[in-house]
Amino acid sequence: MDFLHLDALLQSGQQLACKEKRSVPLMYMWHGKYYIGGAHGISGILYMLLLLVSNNDKYLENTLNCVGGVLQVTSAILQSGRNLAHKEKIKVPLMYRWYGEYYVGAAHGISGILYTLLLAKKYLSQTELDTLLRPTIDYLQGIRYPSKNFPSSLNSDSDRLVHWCHGAPGAVYLFTEAYKVFGDDQYMQTALDCGEVVWKRGLLAKGYSICHGVSGNAYTFLHLYQVTGDLKHLHRACQFADWCFTYGKHQTQIPDRPLSLFEGKLHYT
């Protein structure tokens, strides 16, 4: 993404929101659905804008354009979450839905959305952090399975997915960031619990991918090592990496896109 295309991206979101008569400043469609999630939706656009802001502080005009985009996108995400929670009478400040499911995971769900919002904390008010984001994060803590894994969606009672896209491996990023923002030890403990879930159950038959494979789960430990400095997590990351390096030996299922970055083996490069 370069700055020449930034205005076009924001304008397209504004035009679609106006066309669909939505009470949000921006909206984007994926597979015919309004999509907020981090993998293909507006939260991913927010993450991109935050990277542009952080990497271009020498260029004031470009940075100001990016900041304007960040403010529009964060407003759209918060408004969408509040609108849905109110409409569906859900007792939580923010909620998001895609294809009829209230997904929880990092790729399509609320944990990935909340994570990107926390990364944009300096563009949010303290009131928004305390009354919208924090209660929603606390709600997610309360829906964990007894195993400390997270459900793939709010209506799921099947404790079986331990992927970056669905489950504890993706939730770890939200809770380490929540710890940094709010300084509450319970969030760090939740992140560490995620690491234990991945260590016990994170070697997957689906293969080696980032999205729903062992590489994505290995990043759980690298992230925890970066946050805590505890060599235990680095050791675990190395063990998972060693498992991945024997490519073809452990995989029992072929990914949908075997050569892609997130679902295949391109990430090895």
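FYI, in my numbering the residues of the sequence shown are 237 to 505. Every residue, glycine too, gets a C-beta built ideally from N, C-alpha and C. Everything numeric in this text was worked out from a predicted model, so none of it was measured.
Buried or exposed for residue i, going by 16 or more other Cβ atoms inside 10 Å?
i: D429; result: buried
i: C254; result: exposed
i: Y335; result: exposed
i: E297; result: Any reading at E297 needs caution, since the residue's pLDDT is 49, under 50, leaving its predicted position unreliable; the model's value is listed next. That one is exposed.
i: N391; result: exposed
i: L353; result: buried
i: L287; result: exposed
i: S361; result: exposed
Go through its chain and collect everything with a Cβ distance to residue i's Cβ below 7 Å, but skip five positions before and after it.
i: E337; result: S389
i: Y461; result: H469, L470 and A473
i: V303; result: V289
i: V433; result: S383, K384, N385, V398 and A404
So the alpha helix (DSSP H) residue i belongs to, where does it begin and stop?
i: R472; result: L467 to F481
i: P371; result: R370 to G378
i: G348; result: I346 to L355
i: R437; result: D421 to R437
i: S451; result: V450 to T464
i: A404; result: A404 to F418
Between the C-alpha atoms of residue i and residue j, what's the straight-line distance to the nearest angstrom?
i: M284; j: Q247; result: 16 Å
i: V450; j: C480; result: 7 Å
i: R396; j: Y375; result: 21 Å
i: S279; j: L467; result: 32 Å
i: C447; j: G403; result: 11 Å
i: R380; j: S394; result: 11 Å
i: V417; j: Q308; result: 22 Å
i: A407; j: Q251; result: 33 Å
i: M237; j: P382; result: Residue confidence for M237 is low, a pLDDT of 48 falling below 50, so the modelled location carries little weight; the figure read from the coordinates is stated next. Each residue's alpha carbon lies about 42 Å from the other.
i: K323; j: L282; result: 25 Å
i: Y295; j: N385; result: In this prediction, Y295 scores a pLDDT of 47, lower than 50, which makes its location untrustworthy; the coordinate-derived value is nonetheless stated afterwards. Taking the straight line from one Cα to the other gives about 43 Å.
i: V398; j: S290; result: 32 Å
i: T310; j: A427; result: 24 Å
i: K358; j: G452; result: 28 Å
i: Y351; j: L365; result: 12 Å
i: R370; j: G378; result: 13 Å
i: D421; j: S445; result: 31 Å
i: V306; j: H459; result: 25 Å
I'd like the list of long-range same chain contacts for residue i, defined as Cβ closer than 8 Å, with 5 residues on each side in sequence excluded.
i: Y332; result: I272, G273, S316, G317, L320, Y338, Y339, G345, I346 and I349
i: K325; result: none
i: L410; result: A342, S347, G348, L350, Y351, L354, I373 and L376
Apart from the five residues just before and just after residue i, which ones in its own chain have a Cβ nearer than 6 Å to its Cβ?
i: V463; result: T412
i: Y415; result: Y423 and M424
i: T372; result: V328, P329 and L330
i: P387; result: V340
For residue i versus residue j, is the C-beta distance shorter than 8 Å?
i: L368; j: L314; result: yes
i: A343; j: W435; result: no
i: T456; j: G431; result: yes
i: A441; j: A477; result: no
i: P529; j: G443; result: This structure cannot settle anything about residue 529, because the visible part of the chain is limited to 237 through 505.
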